[in-house]
Amino acid sequence: MPVITLTDGKTLNFSKTVTGLEIVEKISKSLAKQALIMSVNGELKDLFYSIDKNCSVKIFTSKDPEGLEVIRHDAAHIMAMAVQELYPGTQVTIGPVIENGFYYDFARKEPFTSDDLKKIEKKMSEIIDKDVKTRREVWERKKAISHFKNIGEKYKAEIIESIPENEELSIYHHGETWHDLCRGPHLVSSGKIGKAFKLTKVSGAYWRGDSKNEMLQRIYGTSWANQKDLDEYLHRIEEAEKRDHRKLGKEMDLFHFREESPGSVFWHEKGWALFQKLINYMRMKQDIAGYKEINTPEVLDRGLWEKSGHWEKFGANMYTSVTPDEKIFAIKPMNCPGCVELYNQGLKSYKDLPLKMSEFGKVHRYEPSGALHGLLRVRAFTQDDAHIFCTENQITKECLTVTNLILEIYKDLGFENVILKYSDRPELRVGDDNVWDKAEAALLEAVKATKLEYTINKGEGAFYGPKIEFVLRDAIGRDWQCGTLQVDFNLPGRLGASYVDKDGIKKVPVMLHRALFGSLERFIGILIENYAGKLPFWISPLQTVVIPISEDFEDYAKEVCQKLKSSRISSIVDLKNHNLNYKIREHSLAKVPLLLICGKKEVDSNSVTIRRLDSKKQENMKLDQFLKTYSALNKVYSN
RNA sequence: GCCCUUGUAGCUCAGCUGGUAGAGCAAUUGAUUUGUAAUCAAUAGGUCCGCGGUUCGAAUCCGUGCGAGGGCACCA
């Protein structure tokens, strides 16, 4: 005689065991239609699950995340079913729900083509139309293993073998012909999935995510509660594609890549101007914050890298070079060893600490070819690096100062939504535990002081110390890991760094590694995507284009352009034989923030008419006023 | 690195089942002198990614190398 308590507090009495289906029928016809899944005392269950005890039940529809998740999970199953009907001999492996959709990994010799995806979609549609019923069975372990082995599903059998003995093995049947091992829960029938789904791409994926294993074929799909949500999702993807920095970089004439040096950027005039603006801005900020900028060689003897540990730990990613006299040098993949060497020049006193040495160092790393991605993952990049040599007692304060500097700089660049990731001691590490205690406490205190949201990644710190990573959330909600702050008790000792303490004894300093953007190249990619190319005025590589209305006003336009440059506002004058409309279109597409139109009116009043990017409004301003306003704006961000 | 897709003019792309390349934009030249998102016309522009092979004949088919794209793995 179960009594069912619903979320609104109402209770329903049943005289015998009851399923979710019967409960929703009793509540209302419309809910019965929409119900996808339920939770029984907080645990998600199939709607056909039989309840025999008093409990509280919550019903989920496609409006709930739980409902949507089941839709996607079922879509994955039905896809696997469709694939096996269409391509007999294909083995199934795993098919989880992911953000916005699902995938399923298959083992099959022949590759799936995009035509296959269409066929699979069609078959899925048919299965959904048939509304095949779902049935759950619990199988005995041995039976399950031998069954899946017998039908040639060796991956499934392997999965079952890896499931702990005490766990229940549930088999879900979809219709009479297809079944899969699955934890569930599932929809009562395939019709509930609806038609708002789409198979998006096919790719390779390693069995159990390990590159030593064989490669499977993964088919990705997306599915939603209704067509409108699916359309909106596809639209979001399109919008994100429009922001692609590789596309915008071309359109804005910022940079390009070429075959001769994969993963290395050819910076065009405008891209390099943007690059330099960022550096100049940071130079100013770091100078104010007490950093000393230095620069170290890009090619250093192999011996140094052996001493620092990089040769062993990082060697596979390092470029090396052999000189004509057969000495081996490495092109630096990191700046730290060089910086420590520079620190080692000249005796250091405790009075010199904390010593903050910054370096815009260009590093080279031989990244796997498949990892390269525009500016976001390159083989040669410039780090906005700094190393702070300090005593153990100074760690907390320095970490706080660094964190505040980073946040201030992010804010100036338009990123106010920052999350921190804090990683503590890994299993494999160097240094005493009491030193780790101190380092972790110091860093965590700095994290807490920011009052920002943070996650703790247990055991993911570097082998030499704990670290924080700074994650930016961009304008369309994507997260980008940029800055990092690491505490290092290892490298200074390895490379023989020391300072003379008050007591006259030489001691080893602690080193903080920090980067604000991480990689200037990558950060520029992120900036472009965040702003969809429409960078704020101060950081725009080309801030103004002066456009004369006709030949008669060319002299005035040239004069305006020259005055702008003298006031340190970047500018070109467009004297091409095109009409005004054409030029406005061209420079708007190139994302120039301000177009300055010059005609008779402007010459007569010694002014310019401003057309702002994305605004049709015309705004006239005296030239002097313009120069004053905008050069002042530039000055805020540079020396 | 692995799987799949892919590489044609500066850019975006056509080129069906093999018969030595085509458009739009950009460029150049000329006309036009333009008041807020593409003025008109003419001209020029190509080792069809490289190297091998099949074929009477290859941009097209096959092999291989390189690059790019999407994933996977990697991101110390």
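Just so you know, the first sequence maps onto residues 533 to 1171 in my numbering. Quick reminder that beta carbons are idealized off the backbone N, C-alpha and C, glycines included.
Checklist entry - Alpha carbon to alpha carbon, what distance is there between K983 and I626? => result The sequence position of residue 626 within the first sequence is 94, counting from 1. The sequence position of residue 983 within the first sequence is 451, counting from 1. If you take the alpha carbons of I626 and K983, they lie about 40 Å apart.
Item to check | Residue burial classification, K859 (beta-carbon count within 10 angstroms, cutoff 16) | outcome: Against the first sequence, residue 859 aligns to sequence position 327. Label assigned to K859: exposed.
Item to check | Sufficient close CB pairs (3 or more, under 8 Å) joining the region 1088-1105 to the region 827-834 | outcome: No contact exists between the region 1088-1105 and the region 827-834.
Checklist entry - Are F913 and E770 closer than 8 Å when you measure CB to CB? => result Locating residue 913 in the first sequence gives position 381, where the first residue counts as 1. Locating residue 770 in the first sequence gives position 238, where the first residue counts as 1. Taking the C-beta atoms as reference points, E770 is found no nearer than 8 Å to F913.
Item to check | From R750, L600, N949, S571, residue whose alpha carbon lies closest to that of S646 | outcome: Here residue 646 corresponds to residue number 114 of the first sequence, with the count starting at 1. Comparing Cα positions, the closest option is R750.
Item to check | Other residues of its chain near E693: CB distance less than 7 Å, five sequence neighbours each side excluded | outcome: In the first sequence, residue 693 corresponds to position 161, counting from 1. Cβ neighbours of E693 beyond the five flanking positions: I677.
Next on the checklist: Please classify S1139 as buried or exposed, where buried requires at least 16 neighbouring CB atoms within 10 angstroms.
Outcome noted: The count along the first sequence starts at 1 and reaches residue 1139 at position 607. Buried is the call here.
Item to check | Nearest-angstrom Cβ-Cβ length linking R897 and P865, presumed shorter than 8 Å | outcome: Translated into positions along the first sequence, residue 897 becomes position 365. Translated into positions along the first sequence, residue 865 becomes position 333. The Cβ separation is near 5 Å, so the contact holds.
Next on the checklist: I want to know whether the region 614-623 touches the region 587-598 - three or more CB-CB distances under 8 Å.
Outcome noted: no
Checklist entry - Cβ-heavy atom distance between A994 and the ligand MN below 7 Å? => result Here there are no bound small molecules, and the ligand MN is not part of this structure.
Item to check | Reduced DSSP secondary structure (H/G/I, E/B, other) of N586 | outcome: Taking the first sequence and counting its residues from 1, one reaches residue 586 at position 54. DSSP places N586 outside both helix and strand once states are collapsed to three, so it counts as coil.
Checklist entry - Which of helix, strand or coil does DSSP assign to K720? => result Along the first sequence, read from residue 1 onward, the residue named residue 720 stands at position 188. The sequence as given places Val at residue 720; Lys does not occur at that position. In this structure, V720 counts as coil in the three-state DSSP scheme.
Checklist entry - For S755, which residues does DSSP report across the bridge? => result Along the first sequence, one-based indexing puts residue 755 at 223. F729, per the DSSP bridge assignment.
Checklist entry - If you follow the beta strand (DSSP E) that H919 is part of, which residue opens it and which one closes it? => result Locating residue 919 in the first sequence gives position 387, counting from the first residue. Counting along the chain, the beta strand (DSSP E) containing H919 begins and ends at 912-922.
Checklist entry - Should E940 be labelled buried (16 or more other beta-carbon atoms within 10 Å of its own) or exposed? => result Taking the first sequence and counting its residues from 1, one reaches residue 940 at position 408. Per the 10 Å Cβ criterion, exposed.
Item to check | Given L1128 as reference, the closest of K1167, L1074, V1168, L1165 once Cα atoms are compared | outcome: In the first sequence, counting from the first residue as 1, residue 1128 sits at position 596. Checking every option, the nearest Cα to that of L1128 belongs to L1074.
Checklist entry - Got a sec? Which residues, its chain only, sit under 6 Å from G541 by beta carbon, not counting five neighbours each side? => result For the purposes of this step, residue 541 is taken as residue 9 along the first sequence, with counting starting at 1. For G541, where only same-chain residues beyond five positions count, there are no Cβ hits under 6 Å.
Next on the checklist: For the structure I just gave you, are there three or more beta carbon pairs, one from the region 799-813 and one from the region 777-787, closer than 8 Å?
Outcome noted: Contact annotation: the region 799-813 touches the region 777-787, with at least three C-beta pairs closer than 8 Å.
Checklist entry - Any chance the region 664-682 sits against the region 701-708, with 3 or more Cβ pairs inside 8 Å? => result yes
Checklist entry - Between Y1063 and L1165, what straight-line distance do the alpha-carbon atoms span, to the nearest angstrom? => result Within the first sequence, the letter at position 531 stands for residue 1063. Within the first sequence, the letter at position 633 stands for residue 1165. Going by the C-alpha atoms only, they are around 19 Å apart.
Checklist entry - If you draw a straight line from the alpha carbon of F634 to that of M570, how long is it in whole angstroms? => result In the first sequence, counting from the first residue as 1, residue 634 sits at position 102. In the first sequence, counting from the first residue as 1, residue 570 sits at position 38. Rounded to whole angstroms, F634 to M570 spans 21 Å at the Cα level.
Item to check | C-alpha distance - R815 paired with M850, whole-angstrom precision | outcome: Here residue 815 is taken as the residue at index 283 of the first sequence, counted from 1. Here residue 850 is taken as the residue at index 318 of the first sequence, counted from 1. Here the alpha carbons of M850 and R815 stand approximately 28 Å from one another.
Item to check | Opening and closing residue of the alpha helix (DSSP H) in which P869 lies | outcome: Mapped onto the first sequence, residue 869 falls at position 337. Start and end: 868-876.
Item to check | Pairwise C-alpha distance: K839 and V962 | outcome: Here residue 962 corresponds to residue number 430 of the first sequence, with the count starting at 1. Here residue 839 corresponds to residue number 307 of the first sequence, with the count starting at 1. Straight-line spacing of the CA atoms in V962 and K839 works out to 15 Å.
Checklist entry - Rounded to a whole number of angstroms, what is the C-alpha to C-alpha distance between A877 and L1027? => result Locating residue 877 in the first sequence gives position 345, counting from the first residue. Locating residue 1027 in the first sequence gives position 495, counting from the first residue. The sequence as given places Gln at residue 877; Ala does not occur at that position. Distance between the alpha carbons of Q877 and L1027 is about 12 Å.
Next on the checklist: Comparing C-alpha positions only, which one of R740, A862, D857, R1010 sits nearest to A848?
Outcome noted: Against the first sequence, residue 848 aligns to sequence position 316. Measuring from the Cα of A848, the nearest candidate turns out to be A862.
Next on the checklist: Checking the sheet assignment: what are the DSSP bridge partners for Q749?
Outcome noted: As a first step, residue 749 must be located in the first sequence, where it is residue number 217. F638, G736.
Checklist entry - Is the beta carbon of G997 less than 8 Å from the beta carbon of A1047? => result Your numbering for residue 997 matches position 465 in the first sequence. Your numbering for residue 1047 matches position 515 in the first sequence. No, these two residues do not count as a Cβ contact at 8 Å.
Item to check | CA-to-CA distance, G621 to A737, given in whole angstroms | outcome: Numbered from 1 along the first sequence, position 205 holds the residue referred to as residue 737. Numbered from 1 along the first sequence, position 89 holds the residue referred to as residue 621. Taking the straight line from one Cα to the other gives about 19 Å.
Item to check | CA-to-CA distance, I927 to F680, given in whole angstroms | outcome: By one-based count along the first sequence, residue 680 stands at place 148. By one-based count along the first sequence, residue 927 stands at place 395. F680 and I927: Cα-Cα distance of roughly 57 Å.
Item to check | Three-way DSSP call (helix, strand, coil) for G741 in this model | outcome: By 1-based counting over the first sequence, the position of residue 741 is 209. Of the three classes helix, strand and coil, the one that applies to G741 here is helix, per DSSP.
Item to check | C-alpha distance - F995 paired with A974, whole-angstrom precision | outcome: What you label residue 995 is simply residue 463 of the first sequence in a count that begins at 1. What you label residue 974 is simply residue 442 of the first sequence in a count that begins at 1. Each residue's Cα considered, the two are about 17 Å apart.
Next on the checklist: With H, G and I counted as helix, E and B as strand and the rest as coil, what does DSSP make of L579?
Outcome noted: In the first sequence, counting from the first residue as 1, residue 579 sits at position 47. Coil.
Checklist entry - How far does the beta strand (DSSP E) with Q1018 in it reach, from first residue to last? => result Locating residue 1018 in the first sequence gives position 486, where the first residue counts as 1. First-last of the beta strand (DSSP E) with Q1018: 1011-1020.
Next on the checklist: If distances are taken between C-alpha atoms only, which option among Y687, G1036, V734, I603 comes closest to I652?
Outcome noted: By one-based count along the first sequence, residue 652 stands at place 120. Nearest C-alpha to I652: V734.
Checklist entry - Helix, strand or coil for Q1094 per DSSP? => result One-based indexing of the first sequence puts residue 1094 at position 562. Of the three classes helix, strand and coil, the one that applies to Q1094 here is helix, per DSSP.
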